[in-house]
Amino acid sequence: MRPKSFRVELEPAERAELLLLISRGNAPARTIARAHILLAAAEDRFDAYVDAALHVSEATVPRVRHRFAEAPRGERLERALYDRPRPGATRKLDVKGEATLIALACSKSPEGRTVWSMHLLADRLVELHVIESISDDTVRRTLGEKSAQAVVERALVHRASRRRLRLAYGGRAGPLRRGRDHA
101 MRPKSFRVEL EPAERAELLL LISRGNAPAR TIARAHILLA AAEDRFDAYV DAALHVSEAT
161 VPRVRHRFAE APRGERLERA LYDRPRPGAT RKLDVKGEAT LIALACSKSP EGRTVWSMHL
221 LADRLVELHV IESISDDTVR RTLGEKSAQA VVERALVHRA SRRRLRLAYG GRAGPLRRGR
281 DHA
């Protein structure tokens with residue numbers, strides 16, 4: 101067995117918080133599994149034993165221990181239990197850049213193309229001097245986040261194939277009646 105490179109030593113308050121989190125059972129399964137990992141690691145259990153008992157991958161146990169051990173004293177549980185963006189990691193596109201990206205994606209596709217590709221959108225953002233460089237994967241992630249928000253904010257979505265309005269979650273919107281809002 102390999103020696104453990106990151107030791108987990110829990111303070112009594114941390115141990116109590118982990119036990120409370122597990123006993124409540126209303127946290128996500130991933131968070132509860134990580135709490136079990138920290139408690140087992142504090143008892144010097146072997147990683148192979150812990151990953152087999154909790155049905156997690158071999159890499160998960162050392163990763164959770166590493167995140168716990170490397171975090172500052174007051175943030176150890178937070179960093180080990182939850183997936184949060186790294187502090188200091190800044191977003192590639194600001195609000196104006198995201199708005200430009202969405203406007204481009206909603207606009208007519210370039211000549212000779214039927215739709216915008218992520219690569220074309222990334223290239224166009226650079227051409228327009230919105231950003232110095234950006235990957236197509238960042239464009240994809242940004243559009244994924246923003247398009248979901250747009251659908252939630254807008255209650256009705258037009259489905260061209262059936263010529264009906266649908267609710268954002270896909271249900272039927274019901275008939276449209278003429279009234280003060282509809283001409």
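Mind the numbering: the sequence shown is residues 101 to 283 in our numbering, read in order. Ideal Cβ placement from N, Cα and C applies to all residues, glycine included.
Given residue i as reference, the closest of the options once Cα atoms are compared
| i | options | result |
| --- | --- | --- |
| glutamate 109 | Asp151, Val150 and Asp144 | Asp144 |
| leucine 286 | Arg191, Leu220, Val164 and Arg165 | Coverage of the chain is limited to positions 101 through 283, which leaves residue 286 absent and any answer about it impossible. |
| leucine 243 | Glu232, Leu228, Lys192 and Arg213 | Lys192 |
| phenylalanine 106 | His166, Asp194 and Thr200 | His166 |
| glutamate 287 | Tyr182, Ile132, Leu201 and Val215 | There is no way to answer for residue 287, as the model of the chain reaches only from 101 to 283. |
| valine 198 | Leu119, Arg130, Ile132 and Ile234 | Checking the sequence, you will find glutamate at residue 198 rather than valine. Considering only alpha carbons, the answer is Ile234. |
| asparagine 180 | Lys196, Ile132, Val215 and Val230 | Asparagine is not the amino acid found at residue 180; the sequence shown has alanine there. It is Ile132 whose Cα lies nearest to the Cα of alanine 180. |
| valine 195 | Arg130, Val161, Leu119 and Ile231 | Ile231 |
Under the three-state DSSP convention, the category residue i falls into
| i | result |
| --- | --- |
| arginine 262 | The predicted model places arginine 262 with a pLDDT of 42, which falls under 50 and marks its position as unreliable; any figure quoted below should be read in that light. In the structure shown, arginine 262 sits in coil (DSSP, three-state: anything other than H, G, I, E or B). |
| valine 164 | helix |
| valine 156 | coil |
| isoleucine 202 | helix |
| threonine 214 | coil |
| leucine 110 | coil |
| lysine 192 | coil |
| histidine 229 | coil |
| glutamate 178 | helix |
| leucine 256 | Note on leucine 256: pLDDT 34, under 50, position unreliable in the model; the coordinate value appears next. In this structure, leucine 256 counts as strand in the three-state DSSP scheme. |
| glycine 125 | coil |
| arginine 115 | helix |
| isoleucine 132 | helix |
| glutamate 170 | helix |
| aspartate 183 | coil |
| arginine 145 | coil |
CA-to-CA distance, residue j to residue i, given in whole angstroms
| i | j | result |
| --- | --- | --- |
| leucine 177 | tyrosine 149 | 22 Å |
| proline 112 | alanine 142 | 11 Å |
| arginine 240 | arginine 163 | 27 Å |
| alanine 127 | leucine 121 | 7 Å |
| glutamate 114 | phenylalanine 146 | 21 Å |
| aspartate 151 | serine 217 | 41 Å |
| glutamate 117 | arginine 124 | 11 Å |
| aspartate 237 | arginine 224 | 14 Å |
| leucine 119 | arginine 130 | 15 Å |
| arginine 184 | alanine 222 | 26 Å |
| threonine 95 | glutamate 175 | For residue 95 there is no data in the structure shown, the boundaries of the chain being 101 and 283. |
Inter-stretch contact at 8 Å, needing at least 3 Cβ pairs: the region 129-143 / the region 153-163: Inter-segment contact for the region 129-143 and the region 153-163 is present: three or more beta-carbon pairs are separated by less than 8 Å.
Touch test, the region 162-176 against the region 197-216, Cβ-Cβ under 8 Å, three pairs minimum: The region 162-176 makes no contact with the region 197-216, as fewer than three CB pairs between them are under 8 Å.
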